[in-house]
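The next block holds one structure in the form of structure tokens; read it before the comments.
Numbering (our numbering), first residue to last: 11 to 80.
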């Protein structure tokens, strides 16, 4: 039995409420890494080309206070 066949057979024992985890994991394994790299490169370029006022950060303490976690 191939590894793929073993995995498919194991899926019969995975409860429905855990199938989302299986799906997300397999999706991550099969993701196109080149497309991910291009996406990240575009994000970096967009940040570099954004106006300075769009690059202002928010201190962690302010976020915690806003979220009621201070």
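Beta carbons are placed, not taken as given, at the ideal position from N, Cα and C, and that holds for glycine.
Owing to the predicted nature of the structure, the values given are computational and were not obtained by experimental measurement.
Would you kindly check if the distance between the Cβ of residue j and the Cβ of residue i is under 7 Å?
i, j, result
"residue 24", "residue 18", "no"
Identify, in the order they occur along the chain, each residue of the same chain with its Cβ nearer than 8 Å to the Cβ of residue i, setting aside the five sequence neighbours on each side.
i, result
"residue 65", "57"
Considering only residues of the same chain and omitting the five flanking positions on each side of residue i, which have a CB-CB separation below 7 Å?
i, result
"residue 74", "80"
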